[in-house]
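full-length UniProt numbering numbers the first residue of the sequence shown as 1 and each following residue consecutively.
Even for Gly, the Cβ is constructed at its ideal location relative to N, Cα and C.
Bear in mind that the values here come from a model prediction, so they are computed numbers and not experimental data.
For reference, the structure discussed in these notes is given below.
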Amino acid sequence: MGYERYEAEAAVVLQQLTNRKKHKGISCFLVPIPTPGLSLGQKEDKMGIRGSSTCNLIFEDCRIPKENLLGEIGQGFKIAMMTLDSGRIGICSTSSGISQAALDCAVNYASQRKAFGSPILNLQAIQVSKIPS
């Protein structure tokens with residue numbers, strides 16, 4: 001797989017470095033792309049949220065220098081949680097937009113699809129209060 005498939009210049013990678021229990025042994029690294037020993041798995045075909053690509057990072061005899069450590073050893077989980085905290089509002093707004101688009105599509109379909117001589121939007125089983133027609 002060639003590097004032309006990469007859409008980023010680096011990846012943030014979490015790795016369990018120590019035998020400390022649970023999340024305390026996880027460290028965070030910045031891995032430049034391309035890096036020898038790093039390749040991509042197949043790009044995921046997602047139903048939505050296509051603004052960023054998703055694929056597996058495959059490490060085979062890949063060496064990452066200690067200078068690429070983000071934060072301190074064992075602080076990777078904390079770094080990941082801080083990143084997730086700031087991203088949650090974006091996920092919430094994206095989900096809200098997807099929900100609205102799904103509702104709009106359903107109302108449009110129900111307005112156009114006819115059964116028994118009228119749009120199925122008019123059928124009691126389809127009606128929901130406050131849905132625009």
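Around the C-beta of Ile98, fewer than 16 other C-beta atoms lie within 10 Å, and the residue is accordingly described as exposed.
Under the three-state reduction of DSSP, Ile33 is assigned to coil, being neither helix nor strand. Residue environment: Gly76 is assigned as buried (16 or more neighbouring CB atoms within 10 Å of its CB, all protein chains considered).
The beta carbon of Ala11 sits closer than 7 Å to the beta carbons of Val31, Ile33, Leu57 from its chain, once the five residues preceding and following it are set aside; these are given in chain order.
In this structure, Gly41 sits away from Cys28, with a CB-CB distance that is not shorter than 9 Å. Burial is judged here by how many other beta carbons sit within 10 angstroms of a residue's own beta carbon; Ile26 has at least 16 and is buried. Contact check for Leu121 and Ala110: beta-carbon distance about 4 Å, within the 8 Å limit, so the pair qualifies. The DSSP-derived three-state label of Leu103 is helix. Each of Lys24, Gly37, Ser93 was checked against the Cα of Ile64, and the nearest Cα belongs to Gly37. Note on Ser39: 16 or more other CB atoms within 10 angstroms of its CB, so buried under the neighbour-count rule. Cβ-Cβ distances below 7 Å link Gly48 to Ile98 in the same chain, with the five nearest sequence neighbours on each side left out; the list follows chain order. Short of 8 Å from the beta carbon of Ile73, and not among the five residues preceding or following it, lie these beta carbons of its own chain, in chain order: Leu17, Thr18, Ser27. Only residues of its own chain outside the window of five on either side were considered, and among them Gly37 have a CB closer than 6 Å to the CB of Glu60, listed in chain order.
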